[in-house]
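Engineer:
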Amino acid sequence: MSITGALSNALSGLTATARSAQVVSDNVANVTTDGFAAREIALGARSLGSGGVTVLGVTRRTDPALTAERLVADAALADTSTHASYAARLEQMLAGPDGESGLPARVSALDSSLALAASRPDSTARLDTVLSAAKGLAAEIRSASDGIQSLRQRADAAIASDLSALETGLGRIQDINGNLQRIRSAAGDPNALLDQRQAEIDRIAAIVPVRVLPRDNGAVALMTAGGQILLDGAPARIDFTPTPTVTAGQTLANGGVSGITVNGLPVTVNTGSGRLDGGRLSALFAQRDEILPAAQDRLDAVAGDLISRFADPATDPTLAGGPGLFTDAGALPAGPPSPGLAGRLTVSDTADPDAGGALWRLRSGLGAPTPGEVGDATGLQAMADALERNRPAPHPDLGIGHMTFGSLTDALAGRAAAAHVGAEDAEAFQTIRSEALAGREAALGVDSDEEMQRLLLIEQAYAANARVVSTIDGMIQRLLEI
3 MSITGALSNA LSGLTATARS AQVVSDNVAN VTTDGFAARE IALGARSLGS
53 GGVTVLGVTR RTDPALTAER LVADAALADT STHASYAARL EQMLAGPDGE
103 SGLPARVSAL DSSLALAASR PDSTARLDTV LSAAKGLAAE IRSASDGIQS
153 LRQRADAAIA SDLSALETGL GRIQDINGNL QRIRSAAGDP NALLDQRQAE
203 IDRIAAIVPV RVLPRDNGAV ALMTAGGQIL LDGAPARIDF TPTPTVTAGQ
253 TLANGGVSGI TVNGLPVTVN TGSGRLDGGR LSALFAQRDE ILPAAQDRLD
303 AVAGDLISRF ADPATDPTLA GGPGLFTDAG ALPAGPPSPG LAGRLTVSDT
353 ADPDAGGALW RLRSGLGAPT PGEVGDATGL QAMADALERN RPAPHPDLGI
403 GHMTFGSLTD ALAGRAAAAH VGAEDAEAFQ TIRSEALAGR EAALGVDSDE
453 EMQRLLLIEQ AYAANARVVS TIDGMIQRLL EI
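Quick note, the numbering used here runs 2 ahead of the 1-based positions in the sequence shown.
#1: Under the rule that 16 or more other beta-carbon atoms within 10 Å means buried, what is Asn179, buried or exposed?
#2: Starting from the C-beta of Gly358, find all residues in its chain whose C-beta is less than 8 Å away, skip the five residues before and the five after it, and write them out in chain order.
#3: May I ask you to list the residues that DSSP assigns as paired with Leu267?
#4: How far does the beta strand (DSSP E) with Pro216 in it reach, from first residue to last?
#5: Considering only the beta carbon of each residue, do Ala117 and Thr348 sit closer than 8 Å?
#6: Tell me, please, whether the region 275-286 touches the region 120-135 by the rule of three or more beta-carbon pairs shorter than 8 Å.
#7: Check this for me: beta carbons of Glu202 and Gly171, under 8 Å apart or not?
#8: Taking its Cβ as the centre, do 16 or more other Cβ atoms sit within 10 Å of Met477, making it buried, or is it exposed?
#9: Among the residues of its own chain, which have a CB less than 7 Å from the CB of Val489, if the five just before and after it don't count?
#10: In the DSSP assignment, find the beta strand (DSSP E) that holds Phe328 and state where it starts and stops.
#11: Are at least three pairs of beta-carbons, each pair with one atom in the region 109-116 and one in the region 371-386, less than 8 Å apart?
#12: Considering just the uninterrupted stretch of the alpha helix (DSSP H) at Val304, what are its terminal residues?
#13: Can you grab the Cα-Cα spacing for the pair Leu168 / Ile209, in whole Å?
#14: Evaluate Gly257 with the Cβ neighbour count: other Cβ atoms within 10 Å of its Cβ, from every protein chain shown; 16 or more gives buried, anything less gives exposed.
#15: Taking only the alpha-carbon atoms, compute the straight-line gap between Ser147 and Gly220 and give it to the nearest angstrom.
#16: In or out: Ser284 buried (at least 16 other Cβ within 10 Å) or exposed?
#17: Taking 8 Å as the cut-off, decide whether the C-beta atoms of Ala40 and Asn29 are in contact.
#18: Assign Glu93 to buried or exposed, taking buried as 16 or more other Cβ atoms, counted over all protein chains shown, within 10 Å of its Cβ.
#19: Ignore the nearest five residues each way along the sequence and tell me which others in Asn32's own chain have a CB closer than 7 Å to its CB.
#20: Can you give me the start and stop residues for the beta strand (DSSP E) that Ile434 sits inside?
#21: With a threshold of 8 Å, are at least 3 pairs of Cβ atoms found where one atom belongs to the region 299-312 and the other to the region 387-398?
#22: Can you give me the Cβ contacts of Ser106 inside the same chain, cut-off strictly under 6 Å, excluding the 5 residues immediately before and after it?
#23: Classify Asp130 as helix, strand or coil using the three-state DSSP reduction.
#24: Between which residues of its own chain and Leu182 is the CB-CB distance below 6 Å, once the five residues before and five after are set aside?
#25: Taking the continuous alpha helix (DSSP H) assigned at Ile43, which residues delimit it?
#26: For Leu165 versus Leu294, is the C-beta spacing smaller than 8 Å?
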């Protein structure tokens, strides 16, 4: 080997070790940077000339199969977390924030007030307590109904927000794909852009589960787990119209709330096998269009049962076909409960002095023309019996036998609590799965101790190559001295 060849080899070694040191320093500097994939330098022997080493490139340390599995897990976690969040709010509305208030507590308060009033039917104060308890129960049911529709509207707004984020993310990935092609053609380093693109893909994966498909020149296409192409060159056009206010009668079937179209074609979400199922988006659609409307139906059934109990002639024979103590906005419902009945539940004005009524009607009957005997507790006892009367369950989700009104509201609150527990269990399982996969990915990241060991080897290699250069320089100087 010539002196020139030896010098060339040593200089290539210095160049390679300097580049290796740069890679190590980049890794160490980004050890706490989220989304940063550790860099690895690839070296190879020069095939031309007298030998030496060349830098083949710098790559990101990743495991595509592991990342794909983690993306699916992240989507499932977003799905279960969304359900758990909404289930928690629904339970609070029906059972109370402490699990000991809410509807069951209001029913118990009304039952107790009726028992006290029946023991002293002449007491105006006790009659007023009955009225207050009845108003409190009606207000609690209305509040739960309003809360359910508020959650539906919140889900609708979250759908719009997620779709906006999805559109933005797809646009950014399209731009990165284009920039990568330009950088590769100019022999630049694409790794920072690849980190940025992966971060965008991670954000999208929480909305809908995605699969990454490689394309030419480092570009990628995105397809959902259900087969919907989101990006392949250009992003898909996704349209959705948010609904400012959602009411009980507004459904996807009657056009009251919006569905999704992709490239102008309607796409059904949350069917179990839909093209956009599996992430937070499908969970939001499930809450808006299925779970919360079903909760509203059950609450409406409970409100209808309450109205009919107090409109029963066995409870108040003075009504003559009119509404009893509880009404549908002042009237008696005709037929099965209509959507939103719980939100219209009120106490009859005839017993409310503030609305022109009289408290004595609680004792003598809402349809009584004149006050009866002040010591007659028959009417009050009949209303108490109405709450305790076993009647067929008004909704199959609440039971299949005969139930008192107290057991009915207990079943309503208990179902919400059970749904919350189930949703939290599912969320916990997916959290463990997602964290385990994220931990395996993190093991591919920057290890400071490993990088320091690598730096020591680089330092030794650099010193060795520098010593070769120094030796060759001495040899050349010796020749020049002859």
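Glycine included, every Cβ here is placed at the ideal spot set by N, Cα and C.
Structural biologist: Let me lay it out:
#1: buried
#2: Asp351
#3: Val264
#4: 212-216
#5: no
#6: no
#7: yes
#8: exposed
#9: The first residue shown for the chain is 3 and the last is 484, placing residue 489 beyond what the model contains.
#10: 328-330
#11: yes
#12: 294-313
#13: 7 Å
#14: exposed
#15: 52 Å
#16: buried
#17: yes
#18: buried
#19: Phe38, Val448
#20: Per DSSP, Ile434 belongs to no beta strand (DSSP E); it is in the alpha helix (DSSP H), 407-444.
#21: yes
#22: Inspection of the sequence shows that residue 106 is occupied by Pro rather than by Ser. For Pro106, where only same-chain residues beyond five positions count, the Cβ hits under 6 Å are Thr411, Asp412, Ala415.
#23: helix
#24: Pro192, Leu195, Gly220
#25: Element bounds for Ile43: not the alpha helix (DSSP H) but the beta strand (DSSP E), 41-47.
#26: no
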